[in-house]
Amino acid sequence: MHIWFNLFRKEWLEHRWKLTSLCVIAMTLFLALGYGEWEEVPQTTLMTCIGFAFVATIFVGMAVSAAEPSNGTMSFVASQPVALWQSALVRWLCGLGVILIPIVLVGFSGLLVELFDPDSRSSVGISSWHAIISGGVMAANLYAWIVAIAVNQRTELRAALIGLVVAFVLLPFSIWCLAYYDGPMNSRSSRDIISPFAVLGVMTTPLSGFAWMNSADQMRKSIIPLAVIWQMLVLTMLCGIMTLRYGQLETFRQRVDRWRQMRKVGELRPPRTTSNTALVWLQWRESIPVCFCGVAIGFVMFVVTSFPSIQGLSLWRGLIPLFLMLTTAVVSLMIGAVGFTNDLQPKLYAFWRSRPIAPTQWFWLRYGAGYAAIALFYLMPVTMFITGTAQQHGEVWLLAFLPLMSLVVYSWGVLTACTVRQPVYAVILAACGAMMILLIPEVFPVLRPVSIGDLLWQVEHRPLGRPVYEALRGAAVAVAIAFSVSVIVTVAAAVSLKRDLHFRV
């Protein structure tokens, strides 16, 4: 038994500050969204749980999957007198707990608010339990899929990229199944052909919690116990896959990659003529997977929103803005915080310091290449593919808000990567900084004139009689605020890198 205790203690020492930080972020987001509008606490609780489940799952799964190989400690773990499957199981369970505990904390906070709200005592706690179940099932399912697929990746950036792809494969499929699951059941063809497949998809994918909570008729309520059992079997199977694969220092794919690299040694091109061209070429090669991922995200969103059954789904219409903002934040954090952190690893950083390249030169080229990848291969495809959907639902202001939000989040990610140099903590601190800029003005009415989102929203939804030039002036103020914050944060990151100022976590 002492072996299990020591394993859990090791994970506790590694994850305790991550858990504390994630709980603070989740509660801050809950308080910010619900401040002054506590009559909407059910919606606030649900949005917080779903948003947290989408973002935190990718980055916690990234750490669980790739922290040991990236830090070079997998050989040490394998040499210990403990079976690898035991270490993997404890690591999987602790990562799951780090994700679920903040969701439960938010749900119970919503319950307390409902208890003191005289208008909601007729159904006290119902909406909070809905939020806990929906967000918890989504987080657990996404986490299990991501960790099972991304385990043993060599870098956190690869694991985060795989997690983002997995999320964008599972969530649209879940929405498609949920659309048919919530559709009319009186058609024989729909009941006999579409419905069984849709029910199986809903039972297996992350949005099964919504189906459980929204089951209206007796027929659907009767399959809830079966859905719970099936979901547990899926999680157990994915956990087993992760524990069996954990610790494979050289997978089949890595052996194939090594063989290909050995064949290409004789095909190397001549060296680059200048350091600038060499750095640009390097950043382009590193950004290729992220670029393809961004184009694929935009295309998937276009395909998903093209289905009439999904366009009519009220859940999807309500989650479009949240989904777009969370995805943009994840991509920006991935390229900013995680990408920069990988380049600032001790051995690689020592290599850069020994080259005839100034740190500031490397920084600005790296910064520009990273945001160019976001703008060209994520923001532009998403804008092209979702313009029609945004016009249909009156959310055109998002097309201007997403680039500004991406710039702010990316700049904060670069600053935290240069000052902390640990992927998960860099992501957490970057998220806190971006939330401070983007959410605090939304919370306090006195700061509403400097809210980037509110200024852009008023351009499209300006009050009757308000001149257009005033709304456009507000949009100019929003752009100026975003650029000012980004410039200040980026210059601070450049100075910290040049002087090698960073905190050890």
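So for the sequence shown, our numbering puts the first residue at 60; every next one is plus one.
Just so you know, even glycine gets a beta-carbon here, dropped at the ideal spot from N, CA and C.
Treat the numbers as computed from the prediction; the structure is a model and nothing was measured.
N-terminal and C-terminal residue of the alpha helix (DSSP H) that residue i is part of
i    : result
E454 : That residue, E454, is in no alpha helix (DSSP H); it is neither H nor E in DSSP.
D402 : G398 to D402
G45  : In the structure as shown, the chain starts at 60 and stops at 564, and residue 45 therefore has no counterpart that could be examined.
V149 : L143 to L174
H74  : H61 to G93
F436 : Looking at the DSSP string, F436 is not in any alpha helix (DSSP H), and its letter there is neither H nor E.
Y484 : P482 to L497
I416 : Element bounds for I416: n/a, residue is neither H nor E.
T302 : I283 to R304
I511 : I511 to E519
Cβ shell of residue i (< 7 Å), same chain only, five flanking positions each side left out
i    : result
S545 : L466, V467 and S470
T442 : L458
R480 : T400, L403 and H561
E70  : V149, R150 and C153
M106 : L92 and L381
E73  : none
D251 : Annotation note: pLDDT 42 at D251 (below 50); position unreliable, coordinate value reported separately. Result list for D251: empty, nothing under 7 Å.
R75  : none
G222 : I117, G120, M121, I205 and A209
R247 : Here R247 scores only 40 on pLDDT, less than 50, and its place in the model should not be relied on; the value that follows carries that caveat. Answer for R247: no residue qualifies.
Expected contact under 8 Å - CB spacing of residue i and residue j to nearest Å
i    : j    : result
E215 : M121 : 5 Å
V165 : T104 : 6 Å
V486 : L514 : Actually they are not in contact, since the Cβ atoms of V486 and L514 sit about 27 Å apart, beyond 8 Å.
V339 : L424 : 6 Å
S267 : V196 : 6 Å
C108 : S193 : 7 Å
E519 : S510 : Their Cβ separation, rounded to whole angstroms, is 15 Å, which puts E519 and S510 out of contact at 8 Å.
S129 : R213 : 7 Å
T302 : A147 : 4 Å
V114 : L385 : 6 Å
S391 : T478 : About 17 Å separates the two Cβ atoms, so there is no contact after all.
S187 : F89  : Rounded, the Cβ-Cβ distance is 11 Å, inconsistent with contact.
P405 : K557 : No, P405 and K557 are not in contact; Cβ-Cβ is about 18 Å, not under 8 Å.
G260 : C236 : 3 Å
Own chain residues within Cβ distance below 6 Å of residue i, not counting five before or after
i    : result
M393 : A219
A476 : A396, F399, T400 and A485
V354 : F436 and P440
L482 : Looking at the sequence itself, residue 482 is Pro, so the reference to Leu does not match. So the qualifying residues of the chain are E215, V397 and T400.
Q277 : Per-residue confidence for Q277 stands at a pLDDT of 49, beneath the threshold of 50, marking its modelled position as unreliable; the derived number appears in the next sentence. No residues qualify anywhere along the chain.
A85  : F111, P161 and V165
G512 : F460
W549 : At residue 549 the sequence reads Thr, which differs from the Trp that was named. Result list for T549: S470, in chain order.
T263 : V293
L497 : none
P462 : L438
A428 : Q342
Cut-off 8 Å between Cβ atoms - residues of its own chain near residue i, not counting five sequence neighbours on either side
i    : result
L294 : A199, N200 and A203
K77  : V119, A122, V157, V483, Y484 and I487
L474 : A489, G492, V548, T549, A551, A552 and S555
F64  : none
V225 : L201, W204, I205, I208 and A209
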